[in-house]
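Quick note: the sequence shown, position 159, residue 159 per full-length UniProt numbering, numbers continuous.
Glycine is no exception: its CB is placed at the ideal position from the N, C-alpha and C atoms.
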Amino acid sequence: MKKYESIYHDLLALIENNKIKAGEKLPSEFDLQNKYQASRDTIRKALLLLSQNGYIQKSQGKGSIVLDINRFNFPVSGLTSFKEIASDIKGKVETIVHTCECIEPDEEIKKLLMLKSGTKVWYIERVRKINGEAVIFDTDILNADIVSNLTVDIVQNSLYEYIENTLGLRIGYAKKEITCRAINSRDEKLMDLKNYDMLINIASFVFLEDTTLFQYTLSRHRPDKFRFSDFARRTRQNFI
Numbered sequence: 001m002k003k004y005e006s007i008y009h010d011l012l013a014l015i016e017n018n019k020i021k022a023g024e025k026l027p028s029e030f031d032l033q034n035k036y037q038a039s040r041d042t043i044r045k046a047l048l049l050l051s052q053n054g055y056i057q058k059s060q061g062k063g064s065i066v067l068d069i070n071r072f073n074f075p076v077s078g079l080t081s082f083k084e085i086a087s088d089i090k091g092k093v094e095t096i097v098h099t100c101e102c103i104e105p106d107e108e109i110k111k112l113l114m115l116k117s118g119t120k121v122w123y124i125e126r127v128r129k130i131n132g133e134a135v136i137f138d139t140d141i142l143n144a145d146i147v148s149n150l151t152v153d154i155v156q157n158s159l160y161e162y163i164e165n166t167l168g169l170r171i172g173y174a175k176k177e178i179t180c181r182a183i184n185s186r187d188e189k190l191m192d193l194k195n196y197d198m199l200i201n202i203a204s205f206v207f208l209e210d211t212t213l214f215q216y217t218l219s220r221h222r223p224d225k226f227r228f229s230d231f232a233r234r235t236r237q238n239f240i
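Structural data, given as structure tokens:
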């Protein structure tokens with residue numbers, strides 16, 4: 001085993017045994033060099049392995065921060081409401097509604113939802129708290145001609161439950177894009193970010209079964225709290 005791998009496993013054991021807790025910093029590179037009698041390059045290789053495997057986040061000027069390895073599992077390919085996912089999350093789960101209003105859309109929103117002239121939209125901001133921490137910030141924009149009469153109580157409970165069971169609409173599918181984005185002032189105001197300056201950003205265009213686009217959602221997740229999973233099957237190819 002190479003020296004950087006040995007250092008990696010030693011640091012990993014400290015993290016997994018909770019000797020260094022989530023949110024705490026690892027010793028500085030200089031301190032690690034002295035502790036392990038190793039070169040700077042060797043220490044950096046060990047830290048890179050920890051970072052690549054999701055145990056730490058390296059932040060310029062802030063050192064290496066230990067991530068919470070007990071992450072919540074979020075499906076990528078499915079179209080599931082937070083209320084449905086929350087039933088599988090251990091701990092206290094809350095939805096805080098910050099905004100729920102019917103507004104005149106700007107040009108950008110009109111293009112996103114391909115709206116007709118004069119159509120209004122619902123603009124909704126919700127924060128999801130897990131065990132008291134605000135770790136998800138959802139922004140939903142919905143065509144008000146399709147989804148009507150929303151209230152704070154409805155969106156605090158389940159938007160999709162209302163759309164399907166009360167309005168009788170059939171939600172069909174979504175197109176999703178997952179990126180990593182820098183935090184903004186709204187994130188800082190509404191989320192518990194700790195030392196994180198980047199978020200997992202999931203943009204979704206949601207369609208009814210008849211292919212009508214009715215919703216655009218931007219869901220921002222603190223990276224230490226979630227694992228995004230999918231199931232993939234290979235389709236056999238006929239090679240010539």
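Exercise. Should Arg126 go down as buried or exposed, given a rule of 16 or more other Cβ atoms within 10 Å for buried?
Worked result: buried
Exercise. Among Lys129, Pro105, Lys111, which residue has its Cα nearest to the Cα of Lys120?
Worked result: Pro105
For this session: Leaving aside the five residues before and after Asp197 along the sequence, list all residues of the same chain whose C-beta is less than 6 angstroms from its C-beta, in chain order.
Result: Ile183
For this session: Decide if Met191 is buried, meaning its Cβ has at least 16 other Cβ atoms within 10 Å, or exposed.
Result: buried
Problem set entry | Cα-Cα separation, Ala203 to Leu32 | 40 angstroms
Problem set entry | Meets three-Cβ-pair contact criterion under 8 angstroms: the segment 90–102 and the segment 131–138 | yes
Exercise. Which value, in whole angstroms, describes the spacing of the CA atoms of Leu49 and Ile43?
Worked result: 10 angstroms
Exercise. Is it true that the CB of Gln57 sits closer than 7 angstroms to the CB of Ile65?
Worked result: yes
Problem set entry | Coarse secondary structure for Asn195, derived from DSSP in three states | coil
Exercise. So is residue 241 buried or exposed if we call it buried at 16+ other beta carbons inside 10 Å?
Worked result: Not covered by the structure: residue 241. The range shown for the chain is 1 to 240.
Problem set entry | CA-to-CA distance, Asn34 to Val93, given in whole angstroms | 43 angstroms
For this session: Give, in chain order, every unbroken run of the beta strand (DSSP E) that is at least 3 residues long and sits entirely within the segment 140–210.
Result: 171–182, 198–208
Problem set entry | Where the alpha helix (DSSP H) containing Tyr55 begins and where it ends | Taken as a continuous stretch (DSSP letters only), Tyr55 belongs to no alpha helix (DSSP H), as it is neither H nor E.
Problem set entry | First and last residue of the uninterrupted beta strand (DSSP E) at Gln215 | 213–221
Problem set entry | Lys25 to Glu164 span [Cα, whole Å] | 46 angstroms
Exercise. Between Arg186, Ser39, Ala22, which lies nearest to Tyr4 when the distance is taken from Cα to Cα?
Worked result: Ser39
Problem set entry | Separation of Asn195 from Asp145, as counted between CA atoms | 41 angstroms
Problem set entry | Reduced DSSP category for Ala13 - H, G, I as helix; E, B as strand; rest coil | helix
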